[in-house]
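Enquirer: Numbering (the numbering used here), first residue to last: 49 to 158. For glycine and all other residues, C-beta sits at the position ideal for the given N, C-alpha and C. Please read all numbers here as calculations on a predicted model, not as lab measurements. If you scroll down you'll find the structure; I have some questions about it.
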């Protein structure tokens, strides 16, 4: 079975009580029982790093929004950070992955 997938990372993230919310879109197409997972990490400066718990997705060929909350040992601050998000699709073994990386500007939530 051939799986195809893609993921994007939005250039702006939102701060929420010291944690950062990153967003973007993903898509996946394949047939049969496919497990999709989206996970990510965020680094700001040399000492603030956060990671998200993975969230589940669907593999139906359509683009879907994703949202991950990153938290770390220290609070994130407004300004630039480096984000990375990975979509993984599994239909048995092996699993396939697609990753988006880029600078994210963190802004206070509204």
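When you compare the CB positions of residue 61 and residue 133, do they come within less than 8 Å of one another, or not?
Expert: no
Enquirer: What number of angstroms, rounded off, separates the C-alpha of residue 67 from the C-alpha of residue 142?
Expert: When the Cα atoms are used, residue 67 and residue 142 turn out to be separated by approximately 33 Å.
Enquirer: Quick check: what's the CA-CA separation for residue 84 versus residue 52?
Expert: So the alpha carbons of these two residues sit roughly 11 Å apart.
Enquirer: Please report the residue range of the beta strand (DSSP E) in which residue 125 lies.
Expert: Note, residue 125: premise wrong, no beta strand (DSSP E); not H, not E.
Enquirer: What is the DSSP secondary structure of residue 104, counted as helix, strand or coil?
Expert: strand
Enquirer: How big is the Cα-Cα spacing for residue 119 and residue 99?
Expert: 6 Å
Enquirer: Assuming residue 155 and residue 63 form a contact by the criterion Cβ under 8 Å, report the distance between their Cβ atoms to the nearest whole angstrom.
Expert: About 7 Å; that satisfies the 8 Å criterion.
Enquirer: Classify residue 72 as helix, strand or coil using the three-state DSSP reduction.
Expert: In this structure, residue 72 counts as strand in the three-state DSSP scheme.
Enquirer: Which whole-angstrom value is the C-beta distance of residue 55 and residue 148, which I expect to be below 8 Å?
Expert: 5 Å
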